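Trainee: The structure is given below, and queries will be raised subsequently.
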Amino acid sequence: MKITVVGAGYVGLVTGACLAEMGNHVVCLDVDPRKIEMLQRGEIPIHEPGLDKVVQRNAAAGRLSFTTDMQAAVAHGTLQFIGVGTPPDEDGSADLQYVLAAARNIGRHMTDYKVIVDKSTVPVGTADKVRAAVADELKARGVDLAFAVVSNPEFLKEGAAVDDFMRPDRVVVGSDDERATLLMRAVYAPFMRNKDKLQVMDVRSAEFTKYAANAMLATRISFMNELSRLAERVGADIEAVRRGIGADPRIGTHFLYAGTGYGGSCFPKDVKALVRTGREYGVELQVLQSVEDANERQKSVLVDKVKARFGDDLTGRTFAIWGLAFKPNTDDMREAPSRVIIDALLEAGAKVQAYDPVAREEAQRVLTGRAGLAFAADPHAALEGADALLIVTEWGEFRNPDFDGIKAALKQPVIFDGRNLYDPALVASFGLDYLSIGRPAVT
Ligand code: NAD
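Here the sequence shown is numbered in UniProt numbering, starting from 1 and rising by one per residue.
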């Protein structure tokens with residue numbers, strides 16, 4: 001099948017590469033010439049495990065190409081997947097300018113039947129706006145061409161995106177057009193050969209499903225974060241509580257980890273956007289508003305612990321930070337809790353020495369110009385001369401560190417762990433103080 005993917009970011013590039021892997025001929029279009037030039041040279045602009053091989057293999061086989069040429073890209077695919085960004089607007093609603101620009105572009109250049117597939121996360125009713133944008137362009141050109149708009153929200157996780165796309169839990173397709181549904185079935189059939197995981201529903205329900213999924217996951221995190229604050233006060237261990245409740249299949253084990261608050265490009269903006277949609281329709285989503293409030297509060301929990309130990313004025317102090325990306329296995333720094341933590345430490349007068357296995361370059365870009373912030377080349381270098389260590393992202397390489405080395409490098413033997421990576425008794429046995437989330441402090 002001939003497929004065009006509009007937007008070559010985390011979602012678009014993974015979608016394009018994985019669809020090419022199944023024999024489709026895919027053209028990825030992006031408005032960012034730097035990104036497209038990198039991809040044409042075989043370089044991957046983002047960190048996503050396994051993606052480089054899939055991209056390179058399919059580009060070499062002639063099934064995957066990259067362009068900034070809008071007309072050529074629209075001409076190529078019968079299916080036009082839109083995977084452009086939908087960042088939050090000032091009022092929290094999803095900014096649809098990129099989605100609608102992509103839609104207008106398709107309307108401007110199409111010369112035959114197209115299925116326009118909305119993969120970006122967009123509020124309920126967006127498919128109607130996409131349809132209207134395409135129809136307006138066709139009208140302006142004085143042509144009458146058939147097209148369908150379907151919703152196909154993406155559920156992949158950054159850090160495991162290729163695997164998620166290749167082996168989806170489910171694929172949601174919102175469609176009221178029979179021919180478009182048939183084509184979507186054909187596109188996804190190779191990814192579900194053993195079990196049909198395609199859920200076809202009406203367009204609005206599909207759009208809603210994506211927000212509902214992210215809102216539920218964010219709710220679980222905020223719920224546990226809130227309970228972790230109480231656990232600390234009452235002398236309970238949130239990790240024991242997590243295991244205790246997670247064993248109940250009605251609750252399950254996923255997304256129950258207390259930490260420094262959720263970040264990334266999806267949960268914060270999608271929760272805000274759903275709250276905003278609720279307001280637009282006169283439905284106050286109180287639970288989700290609290291989920292967001294609790295998350296904001298949680299981002300300061302680690303710095304609160306630092307200040308409780310070192311005082312509010314951190315002038316003259318230096319802190320090592322391990323982990324900058326919003327989660328492991330990605331270089332994505334969008335809404336990463338590390339950004340809030342670093343700014344709060346710098347604001348209080350401290351210096352920061354930060355280390356991340358892959359997000360360093362991206363962190364340098366988004367945290368540019370901050371006096372007192374330095375980036376270390378390895379975890380140990382970040383510790384040199386630091387008063388204490390803060391762990392912000394649970395990268396695998398932090399899970400079994402050299403505790404003796406940490407103790408020797410730090411001026412004060414204390415770890416503030418925002419991810420509950422270690423057994424407190426083990427850390428204590430190395431003579432380190434250990435303050436984690438929702439567990440009794442070991443000092
Ligand atoms: P991204 O910022 O990584 O990529 C978006 C790309 O679109 C950029 O490269 C940008 O240059 C390009 N673009 C913008 N306007 C364009 C246009 N008119 N024509 C062509 N290209 C254009 O974003 P992302 O993280 O891939 O997210 C894309 C969408 O998918 C969002 O709606 C997001 O909520 C959703 N989503 C993201 C994830 C994730 O984990 N990142 C998961 C599921 C869903």
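We treat Cβ as the ideally placed atom computed from N, Cα and C, and that holds for glycine. Just so it is clear, the structure is predicted and the values come from calculations on it, not from any experiment.
#1: For Pro87, is the classification buried or exposed, using 16 other Cβ atoms within 10 angstroms of its Cβ as the cut-off for buried?
#2: Any idea what DSSP makes of Cys266, helix, strand or coil?
#3: What's the gap between the Cα of Val187 and the Cα of Gly62?
#4: Can you list, in chain order, the residues of its chain whose CB lies under 6 Å from that of Arg360, leaving out five sequence neighbours each side?
#5: Looking at C-alpha atoms only, which residue of Pro153, Arg108, Asp128 and Met166 is the closest neighbour of Ala140?
#6: Out of Thr15, Leu389, Leu314 and Leu324, point me to the one whose CA is closest to Tyr434's CA.
#7: Thinking C-alpha only, which one of Val150, Leu64, Ala60 and Ser93 is nearest Ala103?
#8: Helix, strand or coil for Ala381, going by three-state DSSP, please let me know.
#9: Just the Cα atoms here: how many angstroms apart are Ala294 and Leu64?
#10: I need the straight-line Cα distance from Ala247 to Thr253, nearest angstrom please.
#11: Tell me whether Leu256 is buried or exposed, calling it buried when 16 or more other Cβ atoms sit within 10 Å of its Cβ.
#12: Would you mind reading off the limits of the alpha helix (DSSP H) that contains Gly259?
#13: Check each candidate in Asn400, Val14 and Glu178 and name the one with the smallest Cα separation from Glu158.
#14: How long is the line joining the alpha carbons of Asn420 and Ile437, rounded to whole angstroms?
#15: Which residues does DSSP pair with Thr67 in a beta bridge?
#16: Given a cut-off of 7 Å on the beta-carbon distance, is the pair Ala350 and Leu314 in contact?
#17: Could you tell me the distance, in whole angstroms, from the CA atom of Glu207 to the CA atom of Ala127?
#18: Between the region 339–350 and the region 311–330, can you find at least three pairs of beta-carbon atoms closer than 8 Å?
#19: Please give the ranges of any alpha helix (DSSP H) in the region 268–314, keeping only runs that are unbroken, at least 4 residues long and fully inside the region.
#20: Let's see if you can read the secondary structure: which residues bound the alpha helix (DSSP H) around Ala325?
#21: Can you tell me the Cα-Cα spacing of Ile391 and Arg399, whole angstroms?
#22: Looking only at C-alpha atoms, which of Met38, Val234 and Ala273 sits nearest to Leu96?
#23: Report yes if the C-beta of Leu64 is less than 6 Å from at least one heavy atom of the ligand NAD; otherwise report no.
#24: Give, in chain order, every unbroken run of the alpha helix (DSSP H) that is at least 4 residues long and sits entirely within the region 125–163.
#25: Report the CB separation of Ile3 from Gly77 in whole angstroms; it is logged as a contact under 8 Å.
#26: Assuming Ala231 and Ile238 are in contact, meaning their beta carbons sit under 8 Å apart, how far apart are those beta carbons, in whole angstroms?
Mentor: In brief:
#1: Counted from its first residue, the sequence shown places residue 87 at position 87. Classification for Pro87: exposed.
#2: For the purposes of this step, residue 266 is identified with residue 266 of the sequence shown, where counting begins at 1. The answer is coil: DSSP assigns Cys266 none of H, G, I, E or B.
#3: Taking the sequence shown and counting its residues from 1, one reaches residue 187 at position 187. Taking the sequence shown and counting its residues from 1, one reaches residue 62 at position 62. C-alpha of Val187 to C-alpha of Gly62: approximately 19 Å in a straight line.
#4: Stepping through the sequence shown from its first residue, residue 360 is reached at position 360. Excluding positions up to five away in sequence, the list reads Phe375.
#5: Within the sequence shown, numbered from 1, the residue matching residue 140 stands at position 140. In terms of Cα proximity to Ala140, the closest of Pro153, Arg108, Asp128 and Met166 is Arg108.
#6: Stepping through the sequence shown from its first residue, residue 434 is reached at position 434. Selected option, being the one with the closest Cα: Leu389.
#7: Start at 1 with the first residue of the sequence shown, and residue 103 comes out as number 103. Measuring C-alpha to C-alpha distances from Ala103 to each of Val150, Leu64, Ala60 and Ser93 identifies Val150 as the nearest.
#8: As a working note, residue 381 is residue 381 in the sequence shown. When secondary structure is reduced to three states using DSSP, Ala381 falls in the helix class.
#9: Taking the first residue of the sequence shown as position 1, residue 294 is located at position 294. Taking the first residue of the sequence shown as position 1, residue 64 is located at position 64. Using only the alpha carbons, I get a separation of about 43 Å.
#10: Along the sequence shown, read from residue 1 onward, the residue named residue 247 stands at position 247. Along the sequence shown, read from residue 1 onward, the residue named residue 253 stands at position 253. Ala247 and Thr253 have their alpha carbons spaced roughly 7 Å apart.
#11: For the purposes of this step, residue 256 is taken as the residue at position 256 of the sequence shown. So Leu256 ends up on the buried side.
#12: Locating residue 259 in the sequence shown gives position 259, where the first residue counts as 1. Gly259 -> no alpha helix (DSSP H), and no H or E assigned at all.
#13: To locate residue 158, count along the sequence shown from 1; it is residue 158. Taking each of Asn400, Val14 and Glu178 in turn and checking the Cα distance to Glu158, the smallest one comes out for Val14.
#14: Looking up residue 420 in the sequence shown gives position 420. Looking up residue 437 in the sequence shown gives position 437. Rounded to the nearest whole angstrom, the C-alpha separation of Asn420 and Ile437 is 6 Å.
#15: Residue numbering aside, residue 67 sits at position 67 when the sequence shown is read from its first letter. Checking the DSSP bridge columns, you'll see Thr67 partnered with Leu29.
#16: By one-based count along the sequence shown, residue 350 stands at place 350. By one-based count along the sequence shown, residue 314 stands at place 314. Going by C-beta atoms, Ala350 is nearer than 7 Å to Leu314.
#17: Position 207 of the sequence shown, counted from the start, is the residue given in the question as residue 207. Position 127 of the sequence shown, counted from the start, is the residue given in the question as residue 127. Taking the straight line from one Cα to the other gives about 8 Å.
#18: Flag = yes, the region 311–330 and the region 339–350 touch.
#19: Listed in chain order, they are 286–298 and 301–310.
#20: Within the sequence shown, residue 325 is the residue found at index 325, counting from 1. Under the DSSP assignment, Ala325 falls outside any alpha helix (DSSP H); it carries neither an H nor an E label.
#21: For the purposes of this step, residue 391 is taken as residue 391 along the sequence shown, with counting starting at 1. For the purposes of this step, residue 399 is taken as residue 399 along the sequence shown, with counting starting at 1. Taking the straight line joining both Cα atoms gives about 10 Å.
#22: Along the sequence shown, read from residue 1 onward, the residue named residue 96 stands at position 96. Of all alpha-carbon atoms in Met38, Val234 and Ala273, the one lying nearest the alpha-carbon of Leu96 is that of Ala273.
#23: Sequence index remark: in the sequence shown, residue 64 carries index 64 (1-based). Taking the Cβ of Leu64 as the reference point, every heavy atom of the ligand NAD lies at 6 Å or farther away.
#24: Whole alpha helix (DSSP H) segments, 4+ residues: 126–141.
#25: To locate residue 3, count along the sequence shown from 1; it is residue 3. To locate residue 77, count along the sequence shown from 1; it is residue 77. At roughly 5 Å, the Cβ-Cβ gap stays under 8 Å, so Ile3 and Gly77 are in contact.
#26: Taking the first residue of the sequence shown as position 1, residue 231 is located at position 231. Taking the first residue of the sequence shown as position 1, residue 238 is located at position 238. Their Cβ separation, rounded to whole angstroms, is 4 Å, which keeps Ala231 and Ile238 in contact under 8 Å.
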